[in-house]
Every structure is written in structure tokens, then in C-alpha cells.
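Q: Residue numbers (my numbering), protein chains in the order written: chain A, 2 to 300; chain B, 2 to 300.
2 protein chains.
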Amino acid sequence: MLSRAEAGAAEAREALDLLYRRAGRGHVVGITGVPGSGKSTLVAKLIAAVLASGRKIGVVAIDPSSPFSGGSILGDRIRMGEVSGHPSVFVRSMATRGALGGLAHGTLEAVDVLDAAGYDMIFIETVGVGQDEVDVVRAAHTTVVVSAPGLGDDIQAIKAGILEIADVHAVSKGDKAEAEKTVMELKAMLGLALPAVGLKRAVPVIKTSSPRDEGIAELLGAIDAHREYLVTSGQYEERRQAIRERRMLKAAERLLHEEFERHRQGRMADLVAELAAGTVSPQAAARRLVAHIGMEVIP
Amino acid sequence: MLSRAEAGAAEAREALDLLYRRAGRGHVVGITGVPGSGKSTLVAKLIAAVLASGRKIGVVAIDPSSPFSGGSILGDRIRMGEVSGHPSVFVRSMATRGALGGLAHGTLEAVDVLDAAGYDMIFIETVGVGQDEVDVVRAAHTTVVVSAPGLGDDIQAIKAGILEIADVHAVSKGDKAEAEKTVMELKAMLGLALPAVGLKRAVPVIKTSSPRDEGIAELLGAIDAHREYLVTSGQYEERRQAIRERRMLKAAERLLHEEFERHRQGRMADLVAELAAGTVSPQAAARRLVAHIGMEVIP
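(1) With distances taken from CA atoms, which of 191(A), 192(A), 58(A), 212(A) is nearest residue 86(A)?
(2) Nearest chain B C-beta to residue 290(A) closer than 8 Å, yes or no?
(3) Does residue 282(B) come within less than 8 Å of chain A when only Cβ atoms are used?
(4) Can you tell me the Cα-Cα spacing of residue 34(A) and residue 272(A), whole angstroms?
(5) Mind pulling the chain A residues with CB within less than 9 Å of residue 1(B)?
(6) Does the Cβ-Cβ distance between residue 294(B) and residue 250(B) come in under 8 Å?
(7) Going along chain A, which residues have a C-beta under 7 Å from residue 146(B)?
(8) Counting only beta-carbon atoms, is residue 1(A) nearer than 8 Å to chain B?
(9) Is the shortest distance between the beta-carbon of residue 184(A) and the beta-carbons of chain B less than 8 Å?
(10) Quick one: is residue 296(A) near chain B, going by C-beta distance under 8 Å?
(11) Within 10 Å of its beta-carbon, does residue 19(B) have 16 or more other beta-carbons around it, so buried, or fewer, so exposed?
(12) Using Cβ-Cβ distances below 8 Å, what residues of the region 23 to 35 of chain B are close to chain A?
(13) By DSSP, does residue 142(B) sit in helix, in strand, or in coil?
(14) Does residue 170(A) come out as helix, strand or coil in the three-state DSSP assignment?
(15) Would you say the region 234 to 248 of chain B touches the region 275 to 286 of chain A, given that touching needs at least three Cβ pairs under 8 Å?
(16) For residue 31(B), which residues in the same chain have their Cβ closer than 6 Å to its Cβ, ignoring the five residues on either side in sequence?
(17) Using a Cβ cut-off of 7 Å, which residues of the region 229 to 243 of chain B contact any Cβ in chain A, in chain order?
(18) Since residue 174(B) and residue 150(B) are thought to touch, with beta carbons under 8 Å apart, how far apart are those beta carbons, to the nearest angstrom?
(19) Answer with yes or no whether the minimum CB distance from residue 5(A) to chain C is below 8 Å.
(20) Would you say residue 21(A) lies against chain B (beta-carbon separation less than 8 Å)?
(21) For residue 48(B), count the other beta carbons within 10 Å of its own beta carbon; 16 or more makes it buried, fewer makes it exposed. Which is it?
(22) Rank 277(A), 209(A), 226(A), 220(A) by C-alpha distance to the C-alpha of residue 334(A) and give the top, closest one.
(23) Who are the near neighbours of residue 231(A) in its chain, counting only those whose CB is closer than 7 Å to its CB and skipping five residues on each side?
(24) Is residue 63(B) near residue 95(B), with beta carbons less than 8 Å apart?
(25) Just to confirm, is the Cβ distance from residue 252(B) to residue 287(A) under 8 Å?
(26) Would you verify that the beta carbon of residue 285(A) is, or is not, closer than 8 Å to some beta carbon of chain B?
(27) Taking 8 Å as the CB-CB cut-off, is residue 268(B) touching chain A?
(28) Going along chain A in order, which residues have a C-beta closer than 7 Å to the C-beta of residue 299(B)?
(29) Whose Cβ in chain B lies nearer than 7 Å to the Cβ of residue 279(A)?
(30) Per DSSP, which residues does residue 93(A) bridge with? Please list them.
(31) Given a cut-off of 8 Å on the beta-carbon distance, is the pair residue 210(A) and residue 176(A) in contact?
(32) Return helix, strand or coil for residue 148(A), following the three-state DSSP convention.
(33) Listing by chain order, which chain B residues have their CB less than 9 Å from the CB of residue 18(A)?
(34) Where residue 114(A) and residue 27(A) are concerned, what is the direct C-alpha to C-alpha distance, given to the nearest angstrom?
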């Protein structure tokens with residue numbers, strides 16, 4: 002099913018719809034961080050901690066393949082080490098949609114498959130460079146942003162935009178001397194930011210060290226506490242519904258693109274010609290496009 | 002008109018459609034580069050060079066406001082210096098759609114307005130962190146990626162994904178000793194990459210120094226040469242049509258989002274309830290959504 006979801010196989014549509022209805026129990030956790038943040042090693046440790054708590058854990062690792070080498074940008078895929086082969090863990094790597102990022106269409110269906118298969122927690126892991134990150138955050142119940150001490154100011158500037166979307170912050174490489182400084186800086190930024198962006202809750206910043214096994218249990222505790230917080234504050238159902246609606250809108254967008262491609266030389270040919278001649282604006286053409294496709298897909 | 006385009010004012014729709022039909026002469030150039038690359042200073046120099054060639058130049062500068070400070074992430078807005086107030090230059094700053102980036106809806110309409118007003122060249126300038134960059138590239142006839150010597154490997158990894166989309170590379174801070182190394186590295190990467198990504202043309206890498214006024218004329222020459230290349234190879238019309246179709250699809254996506262928001266408590270309430278109950282999958286809901294909206298917007 003995962004392969005079919007990834008391939009976007011049409012014949013998998015009905016099965017995926019059935020699986021979707023059986024999904025919904027799992028806690029979906031997005032984990033993102035810039036390359037070099039030590040995120041992959043941290044994720045492997047976190048998986049071990051989830052297993053130690055007696056839960057089953059599924060992982061969808063987003064693999065941004067390089068347009069040049071065809072291989073992973075990071076070169077080092079998730080370091081599963083001690084947890085690989087454990088019967089309660091399942092890891093799936095999926096390629097991104099292309100060089101410009103964004104989740105592959107099958108990613109969230111893959112999460113459904115793992116969820117329906119009874120995994121208690123499902124991680125979506127990205128390298129967090131651009132659109133992937135945004136898409137992952139929008140699909141997860143809980144988002145963890147991993148920062149590393151000593152990454153340059155440019156990186157920090159890039160990350161500034163995503164600070165507000167983290168539910169939990171992890172600072173990796175906690176054994177380094179600068180780690181404490183990074184923790185303090187993050188806390189200071191978040192302290193300033195909380196009122197400004199209307200956050201209602203103090204966002205935890207957890208210092209971790211993968212080689213020393215420090216902070217891992219605390220990080221898992223913070224992730225679990227965030228779900229608990231969502232449930233008790235009544236935001237859990239709200240967030241899940243927002244995810245469902247976004248998935249519907251994304252699927253609708255995809256439908257527009259596919260149907261336009263499919264019919265551009267057929268019944269859309271007039272529209273394409275008018276666009277080329279400049280006699281219709283993109284805005285006006287958009288309304289005609291939606292009307293065309295709407296009439297065609299009436300269920 | 003620029004203010005109305007930016008505000009997305011409904012009453013501006015018709016006027017923008019009329020302006021769109023008068024646009025299409027200008028050369029739209031997207032310029033992107035990470036924070037700290039010295040891009041803003043380089044753009045100011047480039048504007049002076051365009052003016053010196055006797056052309057009118059419009060600039061739409063995308064300003065990613067910080068979710069925390071409310072101000073610009075970079076802190077330093079475009080340094081217009083010597084060119085500000087020149088009668089043949091017009092600069093407009095526009096905010097991004099939010100912390101997660103992506104062009105504001107009015108950005109491309111603003112380009113139309115400047116184009117229809119007779120500006121020969123229109124720059125769209127971004128800080129190039131994420132979705133903005135992608136959107137800009139997809140809207141421009143020619144894309145310039147600015148790299149700076151000495152930015153870390155992490156930045157380079159992030160940029161790896163966007164290398165293939167540059168039509169012209171500029172290396173800023175050419176007075177620095179490491180600049181030549183950066184030029185060589187870029188050329189080496191591009192040399193490896195050209196066959197791999199099917200590029201048909203050697204992508205120029207221009208070393209520039211803003212304080213020394215070096216490489217600026219060459220950079221403008223490379224930008225002009227790229228348009229010439231597009232025209233003579235027959236790709237110009239192809240690229241313009243791709244931009245028009247993408248704008249149509251983007252506008253159609255926006256229509257879906259707006260209509261869904263508008264009717265979610267009215268005629269879409271059943272769909273929302275079924276999504277919440279889990280009795281319809283996002284995929285199936287998407288078809289119903291498109292059918293609903295399609296019937297409503299029939300022109």
C-alpha cells in the first residue's frame with residue numbers, strides 16, 4: 002500500500018479511502034531541522050525512547066533528492082542503528098516532489114497507512130529546507146523544530162520564519178559548550194514572541210545530546226505533553242479538522258492541475274489559446290477552468 | 002493601482018484585467034539570494050546600470066516581515082542610494098503572504114501594472130528563503146541567483162536545490178579573496194549538472210563587486226543575453242505561456258480556498274461535517290468541493 006500510495010496509483014484510490022477511515026488514532030509528529038543539525042541521529046534516539054515506552058512507531062522520512070547527483074542532499078540517511086529491525090518500528094523513506102521541495106503526493110496517505118496499521122506514533126521527518134517543512138508542519142499534530150548550536154546567523158534568519166510554528170523546540174549537540182547559549186537565545190526569542198504571535202502556551206526548549214543519551218526522554222515527554230495539552234484544551238479535534246480540510250483543498254488543487262493537463266489539448270484548447278493571445282486574463286481564465294472541471298467531476 | 006492590487010480589492014479586478022492586456026512588453030527578472038549575500042546592494046547597482054542603458058526600470062521587492070518584530074527579517078531594505086528619485090525608476094516593497102513565505106497575491110498584478118505603465122524591465126527581488134523564491138522563479142522570464150563567498154556549507158546545501166533554476170548566477174563580494182573559489186565551485190557544479198538536468202545552455206557565472214562597481218555591466222549583459230537567447234531559440238513565448246498558465250492555476254486555487262471559506266458555514270457545512278466525522282476522505286471531498294464551486298462560478 003505504501004508503494005502504491007507513493008506511486009499515486011489510481012487503483013489504490015479506493016483502498017486508501019478505506020484505510021483513511023480506519024486511521025485517526027496515531028499521534029502524528031513532524032520533525033524538522035536544517036541540514037547539519039544532527040536531526041537524524043536525534044530521531045533514531047527518539048524512536049528508541051518511543052519503543053522503550055511500549056509503543057509502536059512508524060516513520061516517514063522525506064528524502065530531498067539532489068537534482069544533480071540523484072542522491073540525498075544530506076548523504077546520510079536516517080541512522081537507525083540500534084532500532085532497525087525492531088518489530089514495533091517501521092521506517093519508510095519517500096522522495097520529495099522535486100528539487101523545489103514540497104511533500105510528495107503520497108506522503109500523507111503513507112501516514113494514513115501506518116496509522117491504520119496500528120502505529121501509535123508516526124513521525125514525518127524532513128530536512129526542513131523550504132516547502133517540505135511548511136507542508137509537514139501543516140500535516141502534523143505536533144511539530145518539533147531541531148536547532149543546532151553554532152549554525153550561522155544566516156541559518157538563524159532563515160529559521161526565524163518557522164519559529165512560531167514549533168510546538169516543541171529541541172537543541173541538538175547539547176554536549177557542545179555553545180548549546181546552552183542557543184537554548185537561552187531560543188527562550189529569549191520565544192519569550193518576546195509569545196505575546197506577539199498570540200501563542201497561548203510556553204513552548205518548551207529541550208537540550209539534547211544523542212551520544213550521551215541526554216534530554217531524549219524529556220523530549221519525548223514534551224511531545225506527549227503537547228498532545229495532552231491539545232486534548233485537554235479542546236484544540237486536538239480543531240487541529241485534526243484543520244488538517245483534513247487542508248488535505249481536501251490540496252487534493253482539489255491537484256485535481257485542477259491534473260484535469261487541466263489531461264484536457265489542455267482537447268476541451269481546454271480554446272482556453273489555452275485565449276491565454277496565449279492575451280485576450281483573457283489569468284483571473285478570468287481561472288473561473289472558466291474551475292467551471293469546466295467542476296461540471297466534469299460531479300460525483 | 003499598486004495599492005489596490007496589493008490589497009486584493011475586488012473593485013480593482015476589472016481594471017487589473019484591462020492592464021493585464023496592455024502588459025507583456027517588459028522583461029521580468031527574478032533576483033534571489035540568501036540573507037547576507039549582498040543582494041540588495043547589488044540590485045541597486047544593477048538598477049543604475051539599467052538606467053544608464055536608457056531603459057526604465059520597475060522593482061517589486063518582496064519583504065518577508067518577521068512574525069516577531071513585525072519588521073523586515075533583513076533589517077536593511079533595498080539600498081537605493083544613488084538611483085532613488087530617478088524619474089525612470091520605480092520601487093515598490095510588498096509584504097509576503099506570512100511567515101511561511103510565498104508571494105503575496107498582488108505581486109504579479111503589481112508586475113503587470115509596471116509593465117503596462119511602460120517599464121522596460123521589471124525586477125522581482127526576494128531574500129530567497131523558501132517558497133518566495135520558488136514562486137518568483139516561476140513568474141520570471143530570467144532568474145538570477147546571487148551567491149556570496151564564504152557562506153557555510155549548510156547554506157550551500159539549501160541552495161543546491163535551486164541551482165538548476167538559475168538562468169544567470171552572480172557571485173557577490175567579488176573583492177573578497179574567496180570569491181574566485183565560489184565562482185569555480187559554482188562552475189564545477191553547473192558543469193556536472195548541465196547534462197544531468199537537461200540544460201541546453203551554459204549558465205553564466207558572473208563575479209561582481211558592488212563597492213568597486215565591477216561585474217555589474219557584465220551581469221546586466223548576461224541578463225539581456227538570456228532574453229535574447231530565449232527569443233532566438235523560440236523559448237520566450239513558451240516560457241511566457243507557462244507563466245500565464247501557472248497564474249491561471251494559482252488563481253483557480255485561490256478561488257477554491259476563498260469559496261470554501263465563504264461557504265463553509267453555509268452550503269459547504271455538510272461537507273465539513275462529513276470530513277469531521279471521517280465518513281468522507283479528503284480525496285473524495287475534493288471532488289465534491291470542485292463540483293460545488295464549479296457550478297457556482299460558471300461565467
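Just so it is clear, CB atoms sit at the ideal spot from N, CA and C, and this is done for glycine as well. This one's a predicted model, so the numbers in the text were calculated from it and none came from an experiment.
A: Let me lay it out:
(1) 58(A)
(2) yes
(3) yes
(4) 43 Å
(5) Any property of residue 1(B) remains undetermined from this structure, which presents chain B solely from 2 to 300.
(6) no
(7) Those do not exist, as residue 146(B) stays about 13 Å from chain A at its closest Cβ, beyond 7 Å.
(8) Not covered by the structure: residue 1(A). The range shown for chain A is 2 to 300.
(9) no
(10) yes
(11) exposed
(12) 25, 35
(13) coil
(14) strand
(15) yes
(16) 125, 137, 138, 141, 144
(17) 242
(18) 6 Å
(19) Checking the listed chains, one finds no chain C in this structure; the protein chains it contains are A and B.
(20) yes
(21) buried
(22) The shown model of chain A, from 2 to 300, leaves out residue 334(A), and the question about it has no answer.
(23) 142, 237, 240
(24) yes
(25) yes
(26) yes
(27) no
(28) 292
(29) 22, 25
(30) 61(A)
(31) yes
(32) strand
(33) 281, 282, 284, 285
(34) 11 Å
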